[in-house]
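Adding 2 to a residue's 1-based position in the sequence shown gives its number in the working numbering.
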Amino acid sequence: MKSPKFLLPVATAGVLALTLSACGGGGGGGTTTGGGDAEAGLDGRGPITYVQGKDNSNVVRPLVAKWNAAHPNEKVTFKEQTDQADQQHDDLVQHFQAKDANYDVMSVDLVWTAEFAAKGWLQPLKDKMAVDTAAMLPSTVAGASYKDTLYAAPQNSDGGILYYRKDLVPTPPKTWDEMMQMCSIAKQNNIGCYSGQFKQYEGLTVNASEAINSAGGSVLDKDGKPSLNTAEAKEGLGNLVDAFKDGSIPKEAITYQEEESRRAFQSGNLLFHRNWPYVYNLAVTEGSSKVKDKLGMAALPGKDGPGASSLGGHNVGVSVYSKNKATALDFLKFITSEETQRFYATQGSLAPVLTNLYDDAALVKKLPYLPVLKTSIENAVPRPVTPFYPAVTQAIQENSYAALKGDKSVDQALSDMQKSIETAGAGS
Numbered sequence: 003m004k005s006p007k008f009l010l011p012v013a014t015a016g017v018l019a020l021t022l023s024a025c026g027g028g029g030g031g032g033t034t035t036g037g038g039d040a041e042a043g044l045d046g047r048g049p050i051t052y053v054q055g056k057d058n059s060n061v062v063r064p065l066v067a068k069w070n071a072a073h074p075n076e077k078v079t080f081k082e083q084t085d086q087a088d089q090q091h092d093d094l095v096q097h098f099q100a101k102d103a104n105y106d107v108m109s110v111d112l113v114w115t116a117e118f119a120a121k122g123w124l125q126p127l128k129d130k131m132a133v134d135t136a137a138m139l140p141s142t143v144a145g146a147s148y149k150d151t152l153y154a155a156p157q158n159s160d161g162g163i164l165y166y167r168k169d170l171v172p173t174p175p176k177t178w179d180e181m182m183q184m185c186s187i188a189k190q191n192n193i194g195c196y197s198g199q200f201k202q203y204e205g206l207t208v209n210a211s212e213a214i215n216s217a218g219g220s221v222l223d224k225d226g227k228p229s230l231n232t233a234e235a236k237e238g239l240g241n242l243v244d245a246f247k248d249g250s251i252p253k254e255a256i257t258y259q260e261e262e263s264r265r266a267f268q269s270g271n272l273l274f275h276r277n278w279p280y281v282y283n284l285a286v287t288e289g290s291s292k293v294k295d296k297l298g299m300a301a302l303p304g305k306d307g308p309g310a311s312s313l314g315g316h317n318v319g320v321s322v323y324s325k326n327k328a329t330a331l332d333f334l335k336f337i338t339s340e341e342t343q344r345f346y347a348t349q350g351s352l353a354p355v356l357t358n359l360y361d362d363a364a365l366v367k368k369l370p371y372l373p374v375l376k377t378s379i380e381n382a383v384p385r386p387v388t389p390f391y392p393a394v395t396q397a398i399q400e401n402s403y404a405a406l407k408g409d410k411s412v413d414q415a416l417s418d419m420q421k422s423i424e425t426a427g428a429g430s
């Protein structure tokens, strides 16, 4: 993924091109403990390799240089991947399958964590390898866990934000119904009311999941099984379908990804806009922006208060095949330290995982969206946590898109979604 100096659309994960085998098998023996591999190298110290996507914001190299200066006998080599998420994923999979001990520590997209953990490729972060998560936002810890075990350290986070025209709406809506009632203001001003990202791609999984979660439903239950035949799921997806039907969401939004929707809002054509925090920087600095002096930001609206944003971000994990896990663990703790998290925020505009930084006056002055983002992340829910994620997201996208276009009823779309996820293996 690209990584300019603002937060990115994390939903462009490109995971649909991936194919997953069933939960069993895998380089670590097909268990969530990794067997003997997880027990090896726990006291090992020495040079390690850190693997991450393209460092466009120049945050990795300064951190590695700082670490190496302080640890001359445990130097880190940075292995830079491409900026394409699917290529990053495939590269990691190939090295895991080869049991490559030279890929010690790696940055892992939130939606890959369960897959890699289920295959026994990530070192469980417990006992000797435990990481203290007490100061971290609970949702980021949940996003780094699988079956109640931490498998990676939260590295940076992200959450959806409601942007709005504060010249037209002095007080932002707290609920979905309030926002829909305010669509009359948009009509009076001859602009669209609301848009998120509704093209058939990963962003639609994010938006549909947010709608379902915000209405009190969930795509998967706590056991990882689909739970879409519920009144809450119907209300959530139905909210989006109804808004398309009555024009509250403009019909052209069916083609919107992050950038198309951002441009529609910045050009003054939308009253409300759901997107990631990266939009803030562009909306207030781009010369063509018509909202730079009218930009309001709030938590996504839910049923009775803040909605459930889809959690974004990355985790950092240790390979079960690493020979120097003691060094790798220290490097993980270095990455999650307050000093490093502050550097991530100021140098790369990467959302911290430490709760206290969202109330830090100096940081908030530089990144004024932090308090709103904190509310978003505190109420966030990870996209479905499952080893079968590519099949699950495809089922969500295809059926949500059909419902938004009117090709399927909400009931039929949810029923088909349920069946597709069950067939994929997430229902077993």
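Every residue gets a Cβ at the ideal spot worked out from N, C-alpha and C, and that includes glycine.
Tell me which same chain residues have a C-beta within less than 7 Å of the C-beta of Thr-257, skipping the five on either side of it? If you number the sequence shown from 1, residue 257 lands on position 255. Cβ within range, chain order: Lys-201.
When the Cα of Lys-224 is compared with those of Lys-149, Thr-287, Ala-404, which residue comes out closest? Position 222 of the sequence shown, counted from the first residue, corresponds to residue 224. For the residues Lys-149, Thr-287, Ala-404, the minimum Cα distance to Lys-224 belongs to Lys-149.
Where Gln-183 and Thr-177 are concerned, what is the direct C-alpha to C-alpha distance, given to the nearest angstrom? For the purposes of this step, residue 183 is identified with residue 181 of the sequence shown, where counting begins at 1. For the purposes of this step, residue 177 is identified with residue 175 of the sequence shown, where counting begins at 1. Rounded to whole angstroms, Gln-183 to Thr-177 spans 10 Å at the Cα level.
Cβ-based burial, Lys-410 [other Cβ within 10 Å; buried from 16]: Working through the sequence shown from its first residue, we reach residue 410 at position 408. Under a 10 Å Cβ-count criterion, Lys-410 is classified as buried, with 16 or more other Cβ atoms of the shown protein chains found around its own Cβ.
DSSP-derived helix/strand/coil call for Ser-339: Against the sequence shown, residue 339 aligns to sequence position 337. Under the three-state reduction of DSSP output, Ser-339 falls in the coil class, being neither helix nor strand.
Runs of 4 residues minimum, wholly inside the region 208-252: which ones carry the alpha helix (DSSP H) assignment? The region 208-252 is shown to contain whole alpha helix (DSSP H) runs of 4 or more residues at 233-247, in chain order.
If you follow the alpha helix (DSSP H) that Val-95 is part of, which residue opens it and which one closes it? Here the question's residue 95 lines up with position 93 in the sequence shown. Residues 87-99.
The alpha helix (DSSP H) enclosing Asn-283, as first and last residue numbers: In the sequence shown, residue 283 corresponds to position 281, counting from 1. Membership of Asn-283 in the alpha helix (DSSP H) is indicated by the continuous run 280-287.
In the DSSP assignment, the alpha helix (DSSP H) including Arg-264 goes from what residue to what residue? One-based indexing of the sequence shown puts residue 264 at position 262. Looking at the DSSP string, the run of the alpha helix (DSSP H) that includes Arg-264 is 260-268.
If you draw a straight line from the C-alpha of Trp-278 to the C-alpha of Asp-57, how long is it? Reading the sequence shown from its first residue, position 276 is the one you call residue 278. Reading the sequence shown from its first residue, position 55 is the one you call residue 57. Cα to Cα, Trp-278 sits roughly 20 Å from Asp-57.
Just verifying my parser: in three-state terms, what is the DSSP assignment at Val-61? Here residue 61 corresponds to residue number 59 of the sequence shown, with the count starting at 1. Val-61: coil per DSSP, three-state reduction.
If you drop the 5 nearest sequence neighbours on each side, which residues of the same chain put their C-beta closer than 6 Å to that of Gly-350? Here residue 350 corresponds to residue number 348 of the sequence shown, with the count starting at 1. Excluding residues within five positions, the ones whose Cβ falls inside 6 Å are Ser-59, Val-61.
Cβ of Val-133 within 8 Å of Cβ of Lys-335? Looking up residue 133 in the sequence shown gives position 131. Looking up residue 335 in the sequence shown gives position 333. If you check the CB distance, Val-133 and Lys-335 come in under 8 Å.
Buried or exposed: where does Ala-100 fall if 16 or more other Cβ atoms within 10 Å of its Cβ makes it buried? Counting from 1 along the sequence shown, the entry for residue 100 is found at position 98. Burial call: exposed.
If Tyr-105 sits next to Gln-399, beta carbons under 8 Å apart, how far is it from one beta carbon to the other, in whole angstroms? Locating residue 105 in the sequence shown gives position 103, where the first residue counts as 1. Locating residue 399 in the sequence shown gives position 397, where the first residue counts as 1. Cβ-Cβ separation between Tyr-105 and Gln-399: approximately 31 Å, too far for a contact (criterion under 8 Å).
Euclidean distance between Cα positions of Phe-267 and Ala-72: Position 265 of the sequence shown, counting from 1, holds the residue named residue 267. Position 70 of the sequence shown, counting from 1, holds the residue named residue 72. So the two alpha carbons sit approximately 47 Å from each other.
Per-residue burial, Gln-157 [other beta carbons within 10 Å of its own, 16 or more giving buried]: In the sequence shown, the residue the question calls residue 157 occupies position 155. Its Cβ being crowded by 16 or more others within 10 Å, Gln-157 is buried.
Residues bridged to Thr-151 (per DSSP): Position 149 of the sequence shown, counted from the start, is the residue given in the question as residue 151. Tyr-148.
Report yes if the C-beta distance between Ala-210 and Glu-237 is below 8 Å; otherwise report no. As a first step, residue 210 is located in the sequence shown; it is residue number 208 there, counting from the start. As a first step, residue 237 is located in the sequence shown; it is residue number 235 there, counting from the start. At a Cβ-Cβ threshold of 8 Å, Ala-210 and Glu-237 do not count as neighbours.
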